[in-house]
Amino acid sequence: MNLTREDVQEIVGLLDQSAFDELRLETDKLKLVLRRSGAGGWTQESETRAAEPVVLTQAAAKDAAPDVALAPGTIAIRPPLMGTFYRAPKPGAAPFVEVGSAVEPDTAIGIVETMKLMNSVSAGARGIIEAIPAQNGEFVERDRVLMILRLTP
Amino acid sequence: MIRRILVANRGEIAVRIIETCAKLGIETVLAASAADMRAVPARRADRVVCIGPAAPAQSYLNASAIVAAAVEAKCDAIHPGYGFLSESIVLAAKAREAGVIFIGPTQAQLAGVGDKLRARELAVAAGLPVVPGGAARTVEEAEEIVARIGCPILIKAVGGGGGRGMKLLLDPKDARATIALAAAEAEAAFADGRVYLERFVAQGRHVEVQLLGDGENVIHLGDRDCSIQRRYQKLVEEAPAPGLDGGLRARLHEAAVAFGRALAYRGLGTVEFLVDAARGEFYFLEMNARIQVEHPVTEAITGLDLVAEQIAVAEGHKMRLAQDDVSFRGHAIEFRINAEDASRDFLPSPGTVTRAAFPAGEGVRVDTHVEAGSAIPPFYDSLVAKIIVHGADRAEAMARAARALADCRIEGIATTLDLHRALLADAEFRRGGVDTAYFPRFWRA
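These protein sequence lines map, in sequence, to chains G and P. Residue numbers 152 to 304, in our numbering, belong to the letters of the first sequence in order. Residue numbers 31 to 475, in our numbering, belong to the letters of the second sequence in order.
What follows is the structure in structure tokens.
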């Protein structure tokens, strides 16, 4: 069985009248721990249990991003946080940079969208963009190589 | 009769909808992305259908996949929640073609309130005050409006939203350049270069009125104050709006109901107003044709289950409530806990929650989809939990809030809990009735 919000409220009401400070409750669907807090209130921690979900359709698994080898004199530009990588400021616009573009440390080379917020990615060093292994619209982890930069003096 | 509902959303609102369905004896099928197949909503629903990969464009924003899932799982209705496709005419139309009920307003109503200019025209026709301004097709027309209403003026994209394409005009001599820029940005972003100009009201409160309609009758379920915002994102909401003069409150309710009646509105909807409490004036802003994030504060003071009412009118029933059946008791406040690091300019903080202890007890409600082990994926918005407190009056609600926020522990990710604790200790917030300029000032101080 699942407990509703009102059920939990009622249990807390009963506990409040009692001398107990903690209640552990386990059902096939739920594990619930209620504890008296320092301030005289109660806290709840829960664990929702379920058998393997009944999956009616399954999306194709995503291909893992390939490793990228770095040649001497080059560095990798990685995202500041995980998210969706975009090469252009908006759909249909020209990319920030292409292979061969010269960049300064603060040149914007792309955008990473995390939780609906757009974060600009800068080159981080002076150089020429040598390769762009990450695809536009790809979901990137922190360690993904977005671009390879050949350093210039 | 609705026996099985496809819940086409994720996060806390999915859990919220599933809870009411369980109480009503309605089966739920969750339409989830690949990233959410093991999340709490998937474990609470009776069944789960994967509608696509993690990226919202291919899953939660994919109307065809959602309707196909509803048909395949033999659902009678689709509940779209808020955000995503909750106000999508495309989803409503595809559902209708497939013979599945869309739990929301009619397609015509979605179209009417979805376009800002049309919503404004409808409001004027229904006798509601709107912010002085108007639409401009050419720069000359825009200059004429600037001359008529004076600066400061907010230039908005007709097809826009979320602050995009918005420009503030402070000096009439910049009008030509600023309007041209706004139109160009609007054209690039929304493929619609139409702009409209509105007097910029710097000192206002954001007050909204909750409506419920069955297509013939429309009633209001009171008001909410949502003035505490950061970059147009609400952080704290209260019901009722604190310190409003009784006459002004009644006029807001009447105006919202007049707008709903003019539309012959069906379902839950919210009419947003900009309120100048000092002058006792208000202006229509827009209507949201869906359930809102902040609906629990209305539930707290009315004792109603808004999702249950929404399902009932979607089934085609007459409203079970008359205006006189709705009464208001006490005061409620909601705090949105987001996975963001407020000390680092609200940097998003996706990751895995290692511990989640939420407050419980009298006058405290927590709506969440998070427990120890829950993933907070980077693909979606950052709402982790809503803490809702209710008391006989605002003072009691705030006392409960202080204890509830002190008791709450979320570990493994950064959250905005500390921000709310600081807010609750601030004298200006405690007095109540702040305007939208308050939060940025509080946070800078």
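Backbone N, C-alpha and C define an ideal beta-carbon position, used for all residues, glycine too. All values reported here derive from a predicted model rather than from experimental measurement.
Among the CB atoms of chain P, one or more fall inside 7 Å of the CB of T199 (chain G). If you look at M428 (chain P), you'll find it in the alpha helix (DSSP H) that goes 424-437.
At a cut-off of 7 Å between beta carbons, A285 (chain G) makes no contact with chain P.
For the stretch 378-393 of chain P, the set of residues with a beta-carbon nearer than 8 Å to any beta-carbon of chain G comprises P378, P380, R385, A386, A387, F388, P389, A390, G391, E392, in chain order.
Counting the other Cβ atoms within 10 Å of the Cβ of S197 (chain G) gives 16 or more, which makes it buried. Proximity of V97 (chain P) to chain G, defined by a Cβ-Cβ separation below 7 Å, is not satisfied.
Within the stretch 179-196 of chain G, the residues whose Cβ lies closer than 9 Å to any Cβ of chain P are, in chain order, K180, V184, L185, R186, S188, G189, A190, G191, G192, W193, T194, Q195, E196.
When DSSP states are grouped into helix, strand and coil, R34 (chain P) belongs to the strand group. For the pair T225 (chain G) and R301 (chain G), the CB atoms are nearer than the 7 Å cut-off. Contact annotation: V301 (chain P) and A286 (chain P) have beta-carbon atoms nearer than 7 Å. Taken through DSSP and simplified to helix, strand or coil, D201 (chain P) comes out as coil.
Residue environment for R350 (chain P): exposed (fewer than 16 other C-beta atoms within 10 angstroms of its C-beta).
The C-beta of G234 (chain G) comes closer than 7 Å to at least one C-beta of chain P. At a cut-off of 7 Å between beta carbons, P110 (chain P) makes no contact with chain G.
For K267 (chain G), there is no enclosing alpha helix (DSSP H), as DSSP gives it neither H nor E. Per DSSP, the continuous alpha helix (DSSP H) segment holding K124 (chain P) begins and ends at 119-127. CA-to-CA, the gap between S273 (chain G) and G243 (chain G) works out to about 21 Å. For D172 (chain G), the three-state secondary structure derived from DSSP is coil.
In chain order, A288 place their CB closer than 7 Å to the CB of G157 (chain P), counting only its own chain and leaving out the 5 sequence neighbours on each side. A direct Cα-Cα distance of roughly 37 Å separates A149 (chain P) from V400 (chain P).
By the C-beta density criterion, S89 (chain P) is buried, having at least 16 other C-beta atoms within 10 angstroms.
Within a 10 Å sphere around the beta-carbon of K124 (chain P) sit 16 or more other beta-carbons, which makes this residue buried.
Just so you know, the alpha carbons of V37 (chain P) and S252 (chain G) end up roughly 47 Å apart. Residue burial annotation: R296 (chain P) is buried, with at least 16 other C-beta atoms found within 10 angstroms of its C-beta.
A Cβ-Cβ separation of about 6 Å places A415 (chain P) in contact with V396 (chain P) under the 8 Å criterion.
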